[in-house]
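Okay, structure first, notes after.
Rendered as structure tokens:
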């Protein structure tokens, strides 16, 4: 299995620190509002990476944090006249709802920054003791130039950064020994949440949060650290500087970063009016469609979101789900139980699609090619099953389809509810079919809805429906 490592700018063979185990840290969202579809991409991508490791038999310890203390959270709390804790708790709950809708598995641990302050204080003190950090008027700064490998992840040169006028500072420009030093701890301002420390009542800088939470729940060294490519610099670069200086060893072996998400070929922003939350998308589409769309491109590629591409994703997903539902329908009416010799050979031949799927995923988690392998398998299923197929043959084919789609987090065993809009659209289509005397299609729609737990009732006032 090969992974593209941002650190080396090349694909490397994956060799875990401990055989059979994967320690993985993924930077989670700052919880001050509903998550947007840009937040959803790393959630979906790295959930799929985790699922594939588990499919390959690895024991995955997957940690993804919630940043629940931040300037944006405090600003929102002040606007609403509530505490920062109330804002963060509200949006953590909403985020978890969206993650469930996206079929993102809960992490092994979802640490909250506010619950790990003591560990952050200890790590900052360790950096001071080792000469990597210093305190000025209650603020603690990291001596960026003291860490000789600074820039190794982002491939940036410190002198170029300084000449470019780029500052990593949060507060206190004049107090720093060097313009490139960054904040580890900052004193509180009026009305802000604060914690005790040897330097001041205040709160940690953003970067130290992930360094400490990763260390506490995964250890001083981890296999994979992941997030969006916007986090490479300065966030992940600063994490390396902090963690390696404090722990005296390499922090993460592999660094994975997903590409940006654009909307109609433009960067997503509120000012452009092209900013969509996952919750807003869920009102128009089943979130399985959004997940399928996100996986239809390689995770490192930029991804363009548009209504047309979402419709294409919806159609593609429907092809897979329909094939699964057809298999289940045939299972229910299968006349024979055991496979014939011809069916056995056909089933064995279908293993080539699982092999193609694995080949794609082994090559830096190429979900686009993995989906292509699933489509090829669906085509094979559709051309090799029928009313005479045995139940065992159908079950085996279904089992393989379910296993491969589960790696992608795609649910083919549809138990979740249809959207009201989708139900209404099918009812309209049925009415049109009846007017055209296409009773076969009208009956097929009724059966399709019934299979999804939707019961139709034809009345004088029109068609009424209810969920079973």
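Residue numbers (our numbering): 557 to 1024. Think of the CB as a built atom: it goes at the ideal place given N, C-alpha and C, for glycine as much as any other residue. Since the model is a prediction, treat every value here as computed from it, not as a measurement.
- Per DSSP, residue 895 lies in no beta strand (DSSP E) segment and is marked neither H nor E.
- Considered as a whole, the stretch 719–798 harbours 762–774 as its complete alpha helix (DSSP H) runs of no fewer than 4 residues, in chain order.
- Distance from the CA of residue 606 to the CA of residue 616, rounded to the nearest whole angstrom, comes to 7 Å.
- Spatial neighbours of residue 935 in its own chain (CB-CB distance under 7 Å, excluding positions within 5 residues in sequence) are not present.
- Taking 9 Å as the cut-off, the beta carbon of residue 618 is found closer than this to the beta carbon of residue 580.
- When the five nearest sequence neighbours on each side are left out, the beta carbons in the same chain lying within less than 7 Å of the beta carbon of residue 611 are those of 963, in order along the chain.
- For residue 870, the enclosing alpha helix (DSSP H) has its first and last residue at 863–889.
- By the criterion of a C-beta distance shorter than 8 Å, residue 613 is surrounded in its chain by 576, once the five residues flanking it on both sides are discounted.
- Exclusion of the five residues before and after residue 620 leaves 582, 584, 663, 666 as the residues of its chain whose Cβ lies within less than 7 Å of its Cβ.
- Here residue 808 is bridged, per DSSP, to 778.
- Sequence-distant partners of residue 624 (beyond 5 residues in either direction) whose C-beta falls short of 6 Å from its own C-beta, in its chain, are 587, 644, 668, 669, 670.
- Nearest to residue 563 by alpha-carbon distance, out of 948, 809, 979, is 809.
- Excluding the 5 residues flanking it on each side, residue 957 has same chain C-beta neighbours closer than 8 Å at 876, 879, 880, 883, 930, 933, 934, 937, 968, in chain order.
- In this structure, residue 792 places its C-beta atom within 9 Å of the C-beta atom of residue 710.
- Your pair residue 844 and residue 979 does not check out as a contact, with CB atoms roughly 16 Å apart and the cut at 8 Å.
- Residue 852 is positioned such that its CB atom lies no closer than 9 Å to that of residue 796.
- Around the beta carbon of residue 783, 16 or more other beta carbons sit within 10 angstroms, so the residue counts as buried.
- With a contact defined as Cβ atoms closer than 8 Å, residue 654 and residue 834 qualify at about 4 Å.
- According to the DSSP assignment, residue 604 belongs to the alpha helix (DSSP H) that extends over 593–611.
- Our two residues, residue 600 and residue 850, have alpha carbons roughly 7 Å apart in a direct line.
- Inter-segment contact for the stretch 762–778 and the stretch 674–687 is present: three or more beta-carbon pairs are separated by less than 8 Å.
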